[in-house]
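Everything below concerns the one structure shown next.
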Amino acid sequence: MNAITAPSSQEVDQTAIAVSPVAASMPADWRDFFALTKPKVMRLVVFTGLCGLLAAPGSIHPVIGFTAILCIALAAGGAGALNQWWEADIDTKMKRTASRPLPMGLMRREDARDFGLLLSGGSVMIMGLAVHWLAAAVLAFSIFFYAVIYTMWLKPRTPQNIVIGGASGAFPPLIGWIAVTGEITAMPALLFAIIFMWTPPHFWALALWVKIDYAEAGIPMMPVVAGEVSTRRQILLYSILLWPLSAAPWFIGGTGLIYGFAALALSAIFLGLSVPVGLRRASEGDTMKPEKRLFAYSIFYLFALFSALVADRWILP
Numbered sequence: 001m002n003a004i005t006a007p008s009s010q011e012v013d014q015t016a017i018a019v020s021p022v023a024a025s026m027p028a029d030w031r032d033f034f035a036l037t038k039p040k041v042m043r044l045v046v047f048t049g050l051c052g053l054l055a056a057p058g059s060i061h062p063v064i065g066f067t068a069i070l071c072i073a074l075a076a077g078g079a080g081a082l083n084q085w086w087e088a089d090i091d092t093k094m095k096r097t098a099s100r101p102l103p104m105g106l107m108r109r110e111d112a113r114d115f116g117l118l119l120s121g122g123s124v125m126i127m128g129l130a131v132h133w134l135a136a137a138v139l140a141f142s143i144f145f146y147a148v149i150y151t152m153w154l155k156p157r158t159p160q161n162i163v164i165g166g167a168s169g170a171f172p173p174l175i176g177w178i179a180v181t182g183e184i185t186a187m188p189a190l191l192f193a194i195i196f197m198w199t200p201p202h203f204w205a206l207a208l209w210v211k212i213d214y215a216e217a218g219i220p221m222m223p224v225v226a227g228e229v230s231t232r233r234q235i236l237l238y239s240i241l242l243w244p245l246s247a248a249p250w251f252i253g254g255t256g257l258i259y260g261f262a263a264l265a266l267s268a269i270f271l272g273l274s275v276p277v278g279l280r281r282a283s284e285g286d287t288m289k290p291e292k293r294l295f296a297y298s299i300f301y302l303f304a305l306f307s308a309l310v311a312d313r314w315i316l317p
């Protein structure tokens, strides 16, 4: 390791560099390690985990609650780093991921792996020692599910990778709930199921307009393997199923009117945006505006839905 400071991924002229992901010779910048954690994805993970914690019945000491959310964030970051370590070669072939630290040659591949293992192992140990061992066990399984079952096994082998792999992103509210209550009941299971059902239409809306990237990288995403027509129909089907499922916590008496009305309204809009995506046939040169609208709204949808869950718990206890 020499004393030269490597530029961050934001400072490198992406059009002027073509470096193998394993050929990095300069020390990585802290911003490159931060980029490994997939901060944009982490925000949604941390938010839903926090909402699960705040919506759970009972109380938790603020310091313990903060520790639980910190562990969820560290685990998400660790899993993201392990994902990028494993997929470094694939990421070089996709425009959407080519500017990540490893494809840009900004760090050694083994450093990304070790960073991911450190965050993952540390998050589980801290969760177990400071919060709850059941929460730690579920946290550990969520890391394993994303880094191994989804990244290493499902993603390169089956177009159902997002359907099954969607479980990895559904764990945070379940973990947050367990941190408070120490048990798994119907309510956190439903929160898990909502994110699980939300993931396919959310991700396939993105996959429809970047399917060429996945095809060139050899990843069997649904639009590449099954075609656009089948993918669009499945987006619509999952959106239809999401509507009643999102309101299920209200139907079983786990929430009040604030969440119930918000779930029905938000999911109706989600379904409305899915209809033009599900029924249309994109033409050559199409800007994919309906797909982009659905993808953007799907992110807002999850933030709004879980915000309503917390508001329901604290405004109408």
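So in the UniProt record's numbering, spot 249 of the sequence shown is number 249, and the numbers just go up one at a time.
From the three backbone atoms N, C-alpha and C, an ideal C-beta is built for every residue, glycine too.
*asked:* Which of the three DSSP states is assigned to D89 in this structure?
replied: helix
*Relative to the alpha-carbon of S307, which residue among F33, D29, F47 has its alpha-carbon at the smallest distance?*
F47
*For D111 and A193, believed in contact at Cβ under 8 Å, the rounded distance*: Going by Cβ atoms, the distance from A193 to D111 rounds to 37 Å, so no, they are not a contact pair.
*Alpha carbon to alpha carbon, what distance is there between V41 and S230?*
27 Å
*State yes or no: is the C-beta of S142 within less than 8 Å of the C-beta of F115?*
no
*Using three-state DSSP, classify R280 as helix, strand or coil.*
DSSP, reduced to helix, strand and coil, places R280 outside both helices and strands of the structure shown, so it counts as coil.
*How is G165 classed by DSSP in three states: helix, strand or coil?*
Helix at G165.
*residue 318 burial status per 10 Å Cβ neighbour count (16 or more: buried)*: Because the chain is modelled from 1 through 317, residue 318 falls outside the range shown and cannot be assessed.
*Would you call the segment 44-62 and the segment 172-187 in contact, with 3 or more CB pairs under 8 Å?*
For the pair of segments examined, the segment 44-62 was found to touch the segment 172-187: the number of CB pairs separated by less than 8 Å reaches three.
_Cβ pair count under 8 Å reaching 3, the segment 65-75 against the segment 113-127_ = yes
*Going by the beta-carbon positions, is the gap between I90 and A217 smaller than 8 Å?*
yes
_Candidates L118, G58, A137, I149: closest to F33 by CA position_ = L118
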